[in-house]
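Asker:
There are 2 protein chains.
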Amino acid sequence: MSVTFDLVGTDGAARVGVLHTPHGDVPTPAFLPVATQGSVKTVAPQELREAGVPMVLGNTYHLFLRPGVERVRSLGGLSAFMGWNGPVMTDSGGFQAYSLGSRVRVREEGLQFQSPVDGSVHLLTPEGSIAYQEALGSDVAMVLDQCLAYTQDQEVIRSAMERTHRWAQRSRAAHSDARQALFGIVQGGVFPDLRETSAALVTSLGFAGYAIGGLSVGEPKAMTYATVAATASLLPQEQPRHLLGVGSPEDLVECVARGVDLFDCALPTRVARHGALFTSQGRVNVTSAAFKTRQGPVEEGCDCFACRHFSAAYLNHLLRASELLGLRLATIHNLRFVARTMEQMREAILKGAFSAFAEDFLRRYRPAHEEERVEQRRKRLAIRARVT
Amino acid sequence: MSVTFDLVGTDGAARVGVLHTPHGDVPTPAFLPVATQGSVKTVAPQELREAGVPMVLGNTYHLFLRPGVERVRSLGGLSAFMGWNGPVMTDSGGFQAYSLGSRVRVREEGLQFQSPVDGSVHLLTPEGSIAYQEALGSDVAMVLDQCLAYTQDQEVIRSAMERTHRWAQRSRAAHSDARQALFGIVQGGVFPDLRETSAALVTSLGFAGYAIGGLSVGEPKAMTYATVAATASLLPQEQPRHLLGVGSPEDLVECVARGVDLFDCALPTRVARHGALFTSQGRVNVTSAAFKTRQGPVEEGCDCFACRHFSAAYLNHLLRASELLGLRLATIHNLRFVARTMEQMREAILKGAFSAFAEDFLRRYRPAHEEERVEQRRKRLAIRARVT
Chain H
3 MSVTFDLVGT DGAARVGVLH TPHGDVPTPA FLPVATQGSV KTVAPQELRE AGVPMVLGNT
63 YHLFLRPGVE RVRSLGGLSA FMGWNGPVMT DSGGFQAYSL GSRVRVREEG LQFQSPVDGS
123 VHLLTPEGSI AYQEALGSDV AMVLDQCLAY TQDQEVIRSA MERTHRWAQR SRAAHSDARQ
183 ALFGIVQGGV FPDLRETSAA LVTSLGFAGY AIGGLSVGEP KAMTYATVAA TASLLPQEQP
243 RHLLGVGSPE DLVECVARGV DLFDCALPTR VARHGALFTS QGRVNVTSAA FKTRQGPVEE
303 GCDCFACRHF SAAYLNHLLR ASELLGLRLA TIHNLRFVAR TMEQMREAIL KGAFSAFAED
363 FLRRYRPAHE EERVEQRRKR LAIRARVT
Chain S
3 MSVTFDLVGT DGAARVGVLH TPHGDVPTPA FLPVATQGSV KTVAPQELRE AGVPMVLGNT
63 YHLFLRPGVE RVRSLGGLSA FMGWNGPVMT DSGGFQAYSL GSRVRVREEG LQFQSPVDGS
123 VHLLTPEGSI AYQEALGSDV AMVLDQCLAY TQDQEVIRSA MERTHRWAQR SRAAHSDARQ
183 ALFGIVQGGV FPDLRETSAA LVTSLGFAGY AIGGLSVGEP KAMTYATVAA TASLLPQEQP
243 RHLLGVGSPE DLVECVARGV DLFDCALPTR VARHGALFTS QGRVNVTSAA FKTRQGPVEE
303 GCDCFACRHF SAAYLNHLLR ASELLGLRLA TIHNLRFVAR TMEQMREAIL KGAFSAFAED
363 FLRRYRPAHE EERVEQRRKR LAIRARVT
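First to last, the sequence lines map onto chains H and S. Okay, so the first sequence: first residue is 3 according to the working numbering, each after it adds one. Okay, so the second sequence: first residue is 3 according to the working numbering, each after it adds one.
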């Protein structure tokens, strides 16, 4: 069985579809939480399912270093290994090798880096990345691309884009697992003509789906959205589109509006562990004094495990007391909020009422709040360390 | 409704009973995991129930400092606050004030200590401890006692015991919540004549149950067991007996054999977080290399959530990668193992087959292993800091 995509409906640029995978169906638009080391931090797979999470993303870089991709293969592949048994996407490992590895060197052959775990030196090639992802047994794999920080220097972006295209061709040629879909990645920074070149080249290679890369790395929001809109419009209508590393509530809505089907990001789970929770009324920080005495749940009417069983006051106490259960409950709440938002968007699109939904939603989720600025700064700094 | 105890059956000194509480029944012998700050670390109440945990113990010292006992009272009491809604025991706060507080001074009036959270100075009196535990709304409360490290100096032990008796009288007089059972504590170190004096005095005050204190603080195992046997035999047959701070598998079996009904201890959950798991074949450390490739569960046939859904190899990976899910799965396994052991003991006692069960069990859980020596050393050091 291979991976296929059905486009079910549209409303303006917004789309509803279903991604069929060997591990199950993924109704789109869909958000994929990040299971960095084979675990969405603090949460069990049963809780992911209960929260309505349809698919997760595993980080090839981390799993390559520990426990090793051959170990994961011998234990049934990532989905079985982590007891999830549902759809899984993997990234190429490039972004993490670039931002987390030591002594990184970008060569034509691939990305050289040193493991922070044991100091060993590795060369991540396009072919290697494909082999690792085939070993991990993900349903959707990504080609290796060259990551850059946000920059206005068009020649730097062009040169990285051209290397990404050569790597895409090598990845395409190396890929042999018919059960696994391979997605190409469109690069080109915030330059419309580069994005056009990149979309034309990458789609000409004929991938099962397309990711939009190189965004949400420090550029202004308006540029992110404009670039997403322009790039999505250049992609084949019948194939799935993934936006890499985007996941704040307002970004999800803004980018579904511009034609994206799939997202992955650590933001919803990371900010949860700092007490920043998403509610229908906007963001709150549950560690603040206002929640110390609140008997009701964090969000009235929320159907998540945390809100059904625990008071906001208890969650406030757990997080202030650094109790691990608090991290879990907060994570579950945000995962459920994001999954519910995706469900609501799907419904609104099918009813032809997406713009009313988006307008209403964005009144409560705009402008970007502190945790998102922190997230962007974090990514920018991680990448800037590599720019020179 | 008040707390009552039914003795259901005996086999030698071993007993089966039921502790009836306003929050539900506790079949005994029973082990209570420690919910230090209103949470059994890493585990949700639903998971405690699924693991067969019948009752938990909250630490009055921690809850007094954060979030405060009046806060807990206003949020429905500890059992509701933590979403457990089952039976709860509290300790007096004395042991933690003594071992964790700064600038501790034992006065006749009570225990003076400085909060490590905010530096404030507090005096924990017998009356105050009762008031705090009434505010927490536990089903079983403990009198304040004076804790000591293991010492052979009989006069030091006697003097602390006598103060404990005066504090027991003051605690008894201060206690007014008819829904809450108050347990007296028998002290006297490892000296049979002091234990006899203490048991006579404390039982004469007429408590709802009796705890055995001052053990498992560094004395040789043989002395622990002998003292438990001697003390238990001095307690009223019809009332429940609790052994404070004991919880390794072999100690549970050895002390049930000597007439104890209830236990509390952080050991099973603490050692789990370091990968030390209890199985029917004895202790294992799941972080060791042997588990890296093990496809089956940590323990074949185990009915815990972790063993039913995850491989030993995955648990090994999670713990090595410091993933919080690993801490949770390991904790759940040990809690289920201990709860199952208590169930098996109950069954064996009712069948009159306890000594065969104990003999078989202790072949796999003797002598004490590393994690227990570490636990004893930890307690001893914490208390020694106060001896001078």
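Beta carbons are placed, not taken as given, at the ideal position from N, Cα and C, and that holds for glycine. On a predicted model such as this, the values are computed, not experimentally measured, just so you know.
Please return the same chain residues whose Cβ sits closer than 7 Å to the Cβ of residue 215 of chain S, not counting the five positions on each side in sequence.
Answerer: Start at 1 with the first residue of the second sequence, and residue 215 of chain S comes out as number 213. For residue 215 of chain S, where only same-chain residues beyond five positions count, the Cβ hits under 7 Å are 147, 187, 188, 189, 246.
Asker: Given that a residue counts as buried once 16 or more other Cβ atoms are within 10 Å of its Cβ, and exposed if not, what is residue 290 of chain S?
Answerer: Locating residue 290 of chain S in the second sequence gives position 288, where the first residue counts as 1. Counting Cβ neighbours within 10 Å, residue 290 of chain S comes out exposed, since fewer than 16 surround it.
Asker: Pick from H:332, H:132, H:170, H:311: whose alpha carbon is nearest that of residue 71 of chain H?
Answerer: Taking the first residue of the first sequence as 1, we reach residue 71 of chain H at position 69. Answer by Cα proximity: H:132.
Asker: In chain H, what lies closer than 8 Å to residue 71 of chain S by C-beta?
Answerer: Residue numbering aside, residue 71 of chain S sits at position 69 when the second sequence is read from its first letter. By Cβ distance, chain H contributes nothing, its closest Cβ being about 13 Å from residue 71 of chain S, past 8 Å.
Asker: Using a C-beta cutoff of 7 Å, does residue 325 of chain H count as contacting chain S?
Answerer: As a working note, residue 325 of chain H is residue 323 in the first sequence. Yes, residue 325 of chain H counts as interfacial toward chain S.
Asker: I need the boundaries of the alpha helix (DSSP H) containing residue 233 of chain S, first residue and last residue.
Answerer: Looking up residue 233 of chain S in the second sequence gives position 231. Element bounds for residue 233 of chain S: 223-235.
Asker: In the DSSP assignment, what residue or residues form a beta bridge with residue 60 of chain S?
Answerer: The residue labelled residue 60 of chain S in the question sits at position 58 within the second sequence. In the DSSP output, where bridge partners are listed per residue, residue 60 of chain S has S:37, S:92.
Asker: For residue 41 of chain H and chain S, any beta-carbon pair shorter than 7 Å?
Answerer: Taking the first sequence and counting its residues from 1, one reaches residue 41 of chain H at position 39. Yes, residue 41 of chain H counts as interfacial toward chain S.
Asker: Please identify, using Cβ separations under 9 Å, the residues of the segment 329-343 of chain S that lie next to chain H, in order along the chain.
Answerer: 329, 330, 331
Asker: List the residues of chain S that residue 322 of chain H touches, going by C-beta distances under 8 Å, in chain order.
Answerer: Residue 322 of chain H sits at position 320 when you count from the first residue of the first sequence. The contacting residues are 68, 69.
Asker: On the premise that residue 61 of chain H lies in contact with residue 38 of chain H, defined as a C-beta separation below 8 Å, what is that separation, rounded to the nearest angstrom?
Answerer: What you label residue 38 of chain H is simply residue 36 of the first sequence in a count that begins at 1. What you label residue 61 of chain H is simply residue 59 of the first sequence in a count that begins at 1. Confirmed, Cβ separation roughly 5 Å.
Asker: Along chain H, which residues have their Cβ under 8 Å away from the Cβ of residue 33 of chain S?
Answerer: As a first step, residue 33 of chain S must be located in the second sequence, where it is residue number 31. Within 8 Å Cβ-Cβ: nothing; residue 33 of chain S doesn't reach chain H, min ~20 Å.
Asker: Might you give, ordered along the chain, the residues of its own chain that have their beta carbon closer than 8 Å to the beta carbon of residue 202 of chain H, omitting 5 neighbours on each side?
Answerer: Position 200 of the first sequence holds residue 202 of chain H. Excluding positions up to five away in sequence, the list reads 236.
Asker: Which residues, taken in chain order from the segment 285-299 of chain H, show a beta carbon closer than 8 Å to some beta carbon of chain S?
Answerer: 294, 295, 297
Asker: Give the secondary structure of residue 389 of chain H by DSSP, where H, G and I count as helix, E and B as strand, and everything else as coil.
Answerer: Numbered from 1 along the first sequence, position 387 holds the residue referred to as residue 389 of chain H. In this prediction, residue 389 of chain H has a pLDDT of 44, which is less than 50 and means its spatial position is unreliable; what the coordinates show is noted afterwards. Three-state DSSP puts residue 389 of chain H in coil, outside helix and strand.
Asker: Could you tell me the alpha carbon to alpha carbon distance between residue 389 of chain H and residue 336 of chain S, rounded to whole angstroms?
Answerer: Walking along the first sequence from the start, residue 389 of chain H turns up at place 387. Walking along the second sequence from the start, residue 336 of chain S turns up at place 334. Residue placement at residue 389 of chain H cannot be trusted, given a pLDDT of 44 that sits under 50; what the coordinates show is reported in the next sentence. So the alpha carbons of these two residues sit roughly 48 Å apart.
Asker: Would you mind working out which of H:292, H:329, H:184, H:125 sits nearest residue 41 of chain S, comparing C-alpha positions?
Answerer: Within the second sequence, residue 41 of chain S is the residue found at index 39, counting from 1. Relative to the Cα of residue 41 of chain S, the nearest Cα in the group H:292, H:329, H:184, H:125 belongs to H:329.
Asker: Quick check: is the beta carbon of residue 193 of chain H nearer than 7 Å to any beta carbon in chain S?
Answerer: Along the first sequence, read from residue 1 onward, the residue named residue 193 of chain H stands at position 191. With 7 Å as the cut-off, residue 193 of chain H does not count as an interface residue toward chain S.
Asker: Give a yes or no on whether the C-beta atoms belonging to residue 271 of chain H and residue 333 of chain H are separated by under 7 Å.
Answerer: To locate residue 271 of chain H, count along the first sequence from 1; it is residue 269. To locate residue 333 of chain H, count along the first sequence from 1; it is residue 331. Yes. Within cutoff.
Asker: Tell me which residue opens and which closes the alpha helix (DSSP H) that residue 254 of chain H is part of.
Answerer: Here residue 254 of chain H refers to the residue found at position 252 of the first sequence. Here the alpha helix (DSSP H) through residue 254 of chain H covers 251-258.
Asker: Classify residue 3 of chain S as buried or exposed, calling it buried when 16 or more other Cβ atoms lie within 10 Å of its own Cβ.
Answerer: As a working note, residue 3 of chain S is residue 1 in the second sequence. Classification of residue 3 of chain S: exposed, given that the 10 Å Cβ count is below 16.
Asker: Report the option in S:184, S:120, S:164, S:192 whose CA atom is closest to the CA atom of residue 155 of chain S.
Answerer: Taking the first residue of the second sequence as 1, we reach residue 155 of chain S at position 153. Looking at the Cα atoms, S:192 is the closest of the given residues.
Asker: Counting along the chain, where does the beta strand (DSSP E) carrying residue 186 of chain H start and finish?
Answerer: In the first sequence, residue 186 of chain H corresponds to position 184, counting from 1. 183-188 is the extent of the beta strand (DSSP E) around residue 186 of chain H.
Asker: Below 8 Å on the Cβ atoms is my contact criterion, and I expect residue 255 of chain S with residue 347 of chain S to pass it. Report the Cβ-Cβ distance as a whole number of Å.
Answerer: Indexing the second sequence from 1 puts residue 255 of chain S at position 253. Indexing the second sequence from 1 puts residue 347 of chain S at position 345. With a Cβ gap of about 7 Å, residue 255 of chain S and residue 347 of chain S count as contacting.
Asker: Strictly below 7 Å CB to CB, what residues from chain S border residue 44 of chain H?
Answerer: The residue given as residue 44 of chain H occupies position 42 in the first sequence. Those are 326, 327, listed as they occur along chain S.
Asker: So, is residue 353 of chain H buried or exposed, given that buried needs 16 or more other C-beta atoms within 10 angstroms?
Answerer: For the purposes of this step, residue 353 of chain H is identified with residue 351 of the first sequence, where counting begins at 1. When all chains shown are included, residue 353 of chain H counts as exposed.
Asker: CA-CA distance, residue 275 of chain S and residue 25 of chain S?
Answerer: Taking the first residue of the second sequence as position 1, residue 275 of chain S is located at position 273. Taking the first residue of the second sequence as position 1, residue 25 of chain S is located at position 23. Going by the C-alpha atoms only, they are around 29 Å apart.
Asker: By how many angstroms is the C-alpha of residue 50 of chain S removed from the C-alpha of residue 297 of chain H?
Answerer: Taking the first sequence and counting its residues from 1, the one referred to as residue 297 of chain H is at position 295. Taking the second sequence and counting its residues from 1, the one referred to as residue 50 of chain S is at position 48. Cα atoms of residue 297 of chain H and residue 50 of chain S: separation of roughly 23 Å, rounded to the nearest angstrom.
Asker: Suppose you measure from the CA of residue 111 of chain H to the CA of residue 128 of chain H; what does that come to, to the nearest Å?
Answerer: As a first step, residue 111 of chain H is located in the first sequence; it is residue number 109 there, counting from the start. As a first step, residue 128 of chain H is located in the first sequence; it is residue number 126 there, counting from the start. About 8 Å.
Asker: Residues of chain H with a CB under 7 Å from the CB of residue 316 of chain S: which are they?
Answerer: The residue labelled residue 316 of chain S in the question sits at position 314 within the second sequence. Within chain H, the residues near residue 316 of chain S are 83, 84, 85.
Asker: I want to see whether chain H comes within less than 7 Å of residue 138 of chain S, judged by CB atoms only; does it?
Answerer: Here residue 138 of chain S corresponds to residue number 136 of the second sequence, with the count starting at 1. False, the Cβ-Cβ gap to chain H never drops below 7 Å.
Asker: Between the alpha carbons of residue 327 of chain S and residue 318 of chain S, how many angstroms are there, rounded?
Answerer: Translated into the one-based positions of the second sequence, residue 327 of chain S becomes position 325. Translated into the one-based positions of the second sequence, residue 318 of chain S becomes position 316. Counting only the Cα atoms, residue 318 of chain S lies some 11 Å from residue 327 of chain S.
Asker: Sort H:206, H:63, H:90 by Cα distance to residue 168 of chain H and report the nearest one.
Answerer: Mapped onto the first sequence, residue 168 of chain H falls at position 166. The residue with the shortest Cα to Cα distance from residue 168 of chain H is H:206.
Asker: For residue 431 of chain S and residue 243 of chain S, which I take to be in contact (beta-carbon distance under 8 Å), what is that distance rounded to the nearest angstrom?
Answerer: With chain S running from 3 to 390 in the structure shown, residue 431 of chain S is simply not present.
Asker: Expressed to the nearest angstrom, what Euclidean distance is found between the alpha-carbon atoms of residue 2 of chain H and residue 259 of chain S?
Answerer: A query on residue 2 of chain H cannot be resolved here, the shown segment of chain H reaching from 3 to 390 and no further.
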